[in-house]
Amino acid sequence: MVVSQEAAQYDKVQAQEKWQAFWEEDETFKPLDDGSRERRYVLDMFPYPSGDLHMGHAEAYAMGDVVARYWRLRGYDVLHPIGWDSFGLPAENAAIRADAHPATWTYNNIETQARSFKRYGLSLDWSRRLHTSDEDYYRWTQWLFNRFYERGLAYRKDSFVNWCPKDQTVLANEQVVDGACERCKTPVTKRKLNQWYFKITDYAQELLDDMSQLEGGWPDHVLAMQRNWIGRSEGAHVDFRVEGRQAPITVFTTRPDTLFGATFMVVAPDGELAQELVTDECRPAFEEYLEQVKRTTEIQRQSTENEKTGVWLGVHATNPVNGEQVPIWAADYVLADYGTGAIMAVPAHDQRDLDFARKFDLPVRTVLDVDGTDPAQTGVATVGDGAYMNSGLLDGLSDKAAGVARIIEQLEADQMGTGTVQFRLRDWLLSRQRFWGCPIPVIHCPSCGEVPVPDDQLPVRLPDLRGAALAPKGTSPLASATDWVNVPCPSCGEDARRDTDTMDTFVDSSWYFFRYCSPGYTEGPFDPQDVRNWMPVAQYVGGVEHAILHLLYMRFFSKVLRDMGLVDFDEPMLRLLNQGQVINQGRAMSKSLGNGVDLGKQIDEFGVDAVRLTMVFAGPPEDDIDWAEMSPASSLKFLQRAYRLAADVTSPLTVDFADGDAQLRKATHKAIAEITTLLDSGRFNVAVARTMELVNATRKTIDGQAGPADPAVREAVMFVAQSLSVVAPYVAEEMWEVLGLQPSVANSAWPEADLSLTVDDTVTMVVQIQGKIRAKLEVAADISEDEAVEMALADAGVQRSLDGRGVAKVIARLPKMLSIVPQ
C-alpha cells in the first residue's frame with residue numbers, strides 16, 4: 001500500500017536534532033586511523049571567528065562535505081577536521097570597543113560558529129578541533145619560528161614598509177589591494193621600520209618548479225597567478241661604477257643586449273642607495289621629493305598612467321660597455337625592495353624610461369631597429385626584437401639570444417657583470433604591531449644581540465592586556481607591558497627586552513593542516529608518522545582570494561619542514577577546489593546595499609538540506625551563485641518527494657533485486673555509474689540532476705503496474721538515499737531509517753554499478769545522406785554494418801532521398817550513425 005503524501009512528510013527540524021545527536025554519540029565521522037583502509041584527507045580552509053556562519057560559508061563547506069561524505073561511502077578512511085584561525089585584528093578592535101580582552105570575543109564567536117557547523121550537518125571529526133590562539137598551538141608556531149631562525153630563514157632588517165594608518169600596523173605587499181589595506185580599506189602609506197622577514201625567496205625556484213606536481217589537481221588560473229607572482233626573469237647583473245664609491249651599483253636587466261642604449265640610471269628614492277649617493281647640493285630637493293614619495297602607494301608608483309617625477313642626485317655612473325658617464329636620478333617608479341633598487345634606463349625601448357627622459361630632457365638612443373621609427377621623435381618606445389644598431393660589438397646581429405649571450409660573455413670577461421636569474425617574489429614580511437597574535441619568541445640583549453627564547457621556555461604567553469591598553473599607538477601594545485617586556489637574557493642573564501611584535505596570522509595558517517594529523521602531540525608541532533599516514537591532503541577547498549597569500553606561504557612552510565626532515569613530500573595539497581561567491585541581485589552581499597541574506601533565517605525556513613542542496617545544484621562549484629535566482633523552496637519540495645519514495649517502499653529487506661522491474665533497474669545502475677563518475681570529477685551539480693531523474697523514474701514505477709513492492713523500487717530508493725546523503729544528509733538518514741536499514745547511511749557502502757544493466761538494448765541510429773539527416777531508426781545496440789545498411793535502405797525517407805540512385809559508399813559509426821554516399 002502506498003503511503004499518503006500527508007502521512008509521509010519529512011520533518012526537517014526533528015531530523016536535524018535527531019541525527020546531530022546520533023552522529024556525535026556514535027562518533028560517526030571520526031576516522032579509524034588504524035591502517036585498515038586507504039586514508040584520504042579532506043580539508044576546508046579554516047574559518048575566522050568574526051561572527052556566525054554566512055552564505056559564503058554555506059557554499060564552501062557544503063562542497064567540501066560532498067567530497068568527504070562521498071569518499072567515506074566509497075570505503076576510504078576520511079579525515080575531515082575543523083578548527084579556527086583565531087588570532088587577528090577584528091578580535092582586537094572589538095576588544096578595544098568593548099573594553100574587554102580579545103579572547104572573550106574570539107571564543108564566544110567560535111562557540112557560535114561551532115553550533116552552526118554542527119547544525120549544518122558537516123561530517124567533521126570534532127576530536128581534532130584546534131584554535132591558533134590556544135597556547136598549545138602557538139607554542140609550536142614559536143617553535144617553528146626558532147627553527148626558521150636557526151636555518152637563516154627568519155631575519156630582521158630596516159626597510160620602508162606598507163603602513164595602515166587606521167590599524168596602526170605593517171602590511172605585507174600581498175595585503176595591500178589597490179593601494180589600500182585589504183581589511184579596513186584605508187589608503188596605505190610608507191614607513192621605515194626594523195621588521196622580521198621570512199626568506200621565502202630562497203625557495204623561489206622550487207616553488208616555481210614544483211607547480212608541475214600540481215597541474216591537473218589545481219585550477220590552471222591559480223597556478224598562473226602563483227607563477228606570475230613569483231615572476232622568474234633571466235638576464236644579467238650589470239655593474240655601473242661611480243667615482244668615489246668603492247662598490248659599483250649593480251642593476252638587474254633582462255635585456256643586457258640594450259646596454260649601449262642606457263643613457264641614465266634610476267634608483268628608488270626610499271632606498272639606502274639614494275641616501276648614500278645624493279650630493280649635499282642636491283639633498284634638499286631630494287629630501288623634499290622623498291616626503292612626496294612616502295605619500296604615494298606602490299600601486300600608484302607602478303602605474304603607467306602616473307606622471308613621471310624625480311630628482312637628480314648630483315652624481316654619474318660609468319656605462320660598462322662604452323665608458324659613457326650617465327646621470328643617476330631618483331624616481332618613484334623604481335622600488336627599493338625589488339631587485340637591487342636601481343635600474344639602467346634605456347628610454348628608446350622602455351616606455352616608462354622614455355616618458356621620464358622626455359620629461360627631464362635626457363638622451364634617447366635607439367639600439368634596436370624594430371620598425372624603423374625613432375622613439376625620440378615619436379614618443380613611443382619600440383619594444384621587441386630587431387637588428388642591433390649603435391651597439392658596438394653587437395652591430396650586424398639580429399638574433400636576440402646571440403646578442404644577450406655575447407654581451408654577458410663580454411661583461412663576465414671584463415668582470416663587470418654576470419648572467420643571472422631574478423624573481424619578482426620578495427621576502428615575507430611577518431612583523432605586526434598589534435597584540436592579538438603569536439608573540440615573536442626573541443629577546444634582544446645589549447650584549448648578545450638577538451637571542452631566541454629557549455624551546456623549554458615556550459610558549460611566550462601574551463600578557464593580560466585588554467580594552468584601551470590595546471589601542472594602536474604606532475608601536476605594538478605589548479611594548480607597554482613592562483613586566484612582560486623586561487626579562488633577563490637567556491644567554492648571559494643581563495637585563496634584556498622581549499621583541500614586542502607579533503606574527504602575521506598567515507604564519508598560523510601555514511602549518512595548521514599538519515597539526516590536525518596529531519592535535520594532542522606534545523613532542524613537537526606534529527607527529528611525523530601521523531603526517532606520513534594522512535598527507536598530502538587529497539582535497540583542499542577554499543576561496544580563490546587566497547591563491548597568492550595563503551597558498552604560497554603554506555607551500556613554502558611545507559618545503560622548509562621537508563628540509564628539516566619532518567615531512568617527506570614537496571607539496572602539501574594534491575587537489576584544490578575553489579568555490580565561487582554567493583551574491584544577491586547580481587552584487588556582492590552587503591549591509592550598505594541592503595541585499596544581505598541571513599543564512600540562519602534561510603535554514604529556519606527551508607531546513608539545512610534544502611539550503612545545501614540549493615548551493616550544490618546551482619552550478620559548477622567554482623561558479624558564483626546569485627541567491628536571488630535560487631529557490632530553496634523548490635529544493636525542499638524535491639526532498640519531500642524523495643522522502644516519500646522511502647515511505648512508499650513495501651518490499652522486505654531480504655528481497656532479491658534481480659527479480660525487480662527491468663527498466664527501473666537499468667535506470668538505477670546507469671545512475672550509479674554516472675553519479676560515481678560525476679562526483680569523482682567534481683561535477684556535483686550534474687550528480688544532483690541525475691539523482692532527480694532517478695527519483696522521477698522510481699515514482700513512475702511505484703505509481704505504475706510494478707508498484708511499491710517491486711524489488712527494483714527498494715534498490716533504487718536505497719541508492720537515492722546514498723546519493724542524497726552527500727548533499728542533504730538529514731533527509732538521507734531519515735530515508736535510510738524508514739527503509740529499515742541500520743544507521744547511519746554514512747556507514748553504508750557505495751554500490752557498484754552492474755555494467756550489464758547500463759548497456760542499452762536499443763539505440764537511435766541516425767541515417768545521413770550527403771550530410772543531411774534522412775531517418776532515425778531504433779536498432780539493436782550490437783547491430784552489424786550489413787544489418788544497419790539493410791534497415792536504412794528499407795526506410796521510406798531514405799528511399800525518397802536516394803531517388804533510385806545506388807550506394808557508392810557507406811560510412812558507419814555504429815550503432816549511432818550511418819552515412820550513405822549515393823552514386
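Mapping of the sequence shown onto UniProt numbering: residues 1 to 823, in sequence order. The beta-carbon is built from N, C-alpha and C at its ideal position, and this holds for glycine as well.
Query, Result
"Helix, strand or coil at Gln579 according to DSSP, with G and I counted as helix", "strand"
"Any 3 or more C-beta pairs closer than 8 Å across the segment 729–746 and the segment 638–652", "yes"
"Proximal residues to Glu6 (C-beta, below 7 Å), its chain only, five neighbours per side dropped", "Here Glu6 scores only 46 on pLDDT, less than 50, and its place in the model should not be relied on; the value that follows carries that caveat. Closer than 7 Å at Cβ, skipping near neighbours: no residue."
"Beta-bridge partners of Ala154, as assigned by DSSP", "Phe198"
"Touching by the beta-carbon criterion (3+ pairs, under 8 Å), the segment 238–249 and the segment 406–418", "yes"
"8 Å Cβ cutoff met for Val745 and Tyr643", "no"
"Minimum C-alpha distance to Trp126 - residue among Thr28, Thr201 and Arg461", "Thr28"
"Where Thr762 falls: helix, strand or coil (DSSP)", "strand"
"Identity of the residues DSSP links to Arg800 by a beta bridge", "None; Arg800 has no bridge partner."
"Spatially closest choice to Ser50 from Glu92, Met554, Pro452 and Gln14, by CA coordinates", "Glu92"
"Segment contact, 8 Å Cβ cut-off, at least three pairs: the segment 678–687 with the segment 59–72", "yes"
"Leu613 and Ser635 closer than 8 Å at C-beta", "yes"
"Inter-residue CB distance, Ala633 and Phe606 (contact presumed, cutoff 8 Å)", "6 Å"
"Reduced DSSP secondary structure (H/G/I, E/B, other) of Ile783", "coil"
"Local conformation of Trp329 per DSSP, three classes", "strand"
"Straight-line gap, Asn595 to Arg587 (C-alpha atoms, nearest Å)", "8 Å"
"Rounded C-alpha distance that separates Ala268 from Ala469", "38 Å"
"Buried or exposed by the 16-neighbour rule on C-beta atoms within 10 Å, applied to Val717", "buried"
"Residues that DSSP places opposite Asn162 in a beta bridge", "Leu171 and Lys190"
"Identified DSSP bridge partners for Glu450", "His444"
"Presumed contact (8 Å Cβ cut-off) between Ala547 and Val222, rounded CB distance", "5 Å"
"Own chain, CB closer than 7 Å to Asn109, minus 5 neighbours either side, in chain order", "Pro49, Ser50 and Gly51"
"Classification of Pro454 by the beta-carbon crowding that lies within 10 angstroms, buried from 16 upward", "exposed"
"With 16 other Cβ atoms within 10 Å as the buried cut-off, status of Lys816", "exposed"
"Close-in-space but distant-in-sequence residues of the same chain around Ala15 (CB under 6 Å, 5 per side omitted)", "Tyr730 and Glu734"
"Same chain only: Cβ atoms within 6 Å of Ser784, ignoring 5 sequence neighbours per side", "none"
"First and last residue of the uninterrupted beta strand (DSSP E) at Phe240", "Arg232 to Val242"
"Extent of the continuous beta strand (DSSP E) run through Gly341", "No beta strand (DSSP E) contains Gly341, which DSSP labels as neither H nor E."
"Spatial neighbours of Ser491 in its chain, beta-carbon cut-off 6 Å, leaving aside the 5 residues before and after", "Cys448 and Val451"
"Three-way DSSP call (helix, strand, coil) for Glu307 in this model", "coil"
"Exposed unless 16 or more other CB atoms sit within 10 angstroms - verdict on Ile440", "buried"
"Between the CA atoms of Asp355 and Glu305 - distance to the nearest angstrom", "10 Å"
"Thr502 (DSSP reduced to helix, strand or coil)", "strand"
"Cut-off 7 Å between Cβ atoms - residues of its own chain near Ile672, not counting five sequence neighbours on either side", "Phe719, Pro751 and Ala753"
"Closest by C-alpha distance to Val807, when choosing among Ala796, Ala780, Gln770 and Glu778", "Gln770"
"Presumed contact (8 Å Cβ cut-off) between Tyr214 and Trp511, rounded CB distance", "Rather than Tyr, the amino acid found at residue 214 in this sequence is Leu. Rounded, the Cβ-Cβ distance is 19 Å, inconsistent with contact."
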